[in-house]
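Written below as structure tokens is the structure these notes are about.
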Amino acid sequence: MRAYRARLRAAGLRPVQIWVPDVRAPNFVEEARRQSLRASRHPSEKNAIDFIEAVAELDDDAS
27 MRAYRARLRA AGLRPVQIWV PDVRAPNFVE EARRQSLRAS RHPSEKNAID FIEAVAELDD
87 DAS
């Protein structure tokens, strides 16, 4: 692993650690729903939500 990382660094890359929500956590679904409902009700999110819905509809047409 050390040699692999050294080769990547020599190629100009660097490691990045990303933390994401644990979808297996007991309260994940409840918290995701709470946050999405809160965002959907906020006027500043209207454009983003409209875009997401439009893209979702395009994906439905592909199947």
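Numbering (this note's numbering), first residue to last: 27 to 89.
Glycine is no exception: its CB is placed at the ideal position from the N, C-alpha and C atoms.
If you're wondering where the values come from, they're calculated on a predicted model, not measured in any experiment.
If you follow the alpha helix (DSSP H) that Val55 is in, where does it begin and where does it stop? Phe54 to Ser66
I'd like the list of long-range same chain contacts for Ile41, defined as Cβ closer than 8 Å, with 5 residues on each side in sequence excluded. One detail in the question is off: residue 41 reads as Pro in this sequence, not Ile. If we look at Pro41 and ignore the five residues flanking it on each side, its Cβ neighbours are Arg31 and Leu34.
Measure the beta-carbon distance from Glu71 to Ala65 and round it to whole angstroms, keeping in mind my assumption that it falls under 8 Å. 5 Å
Which class does Val46 belong to by DSSP, given the choice of helix, strand or coil? coil
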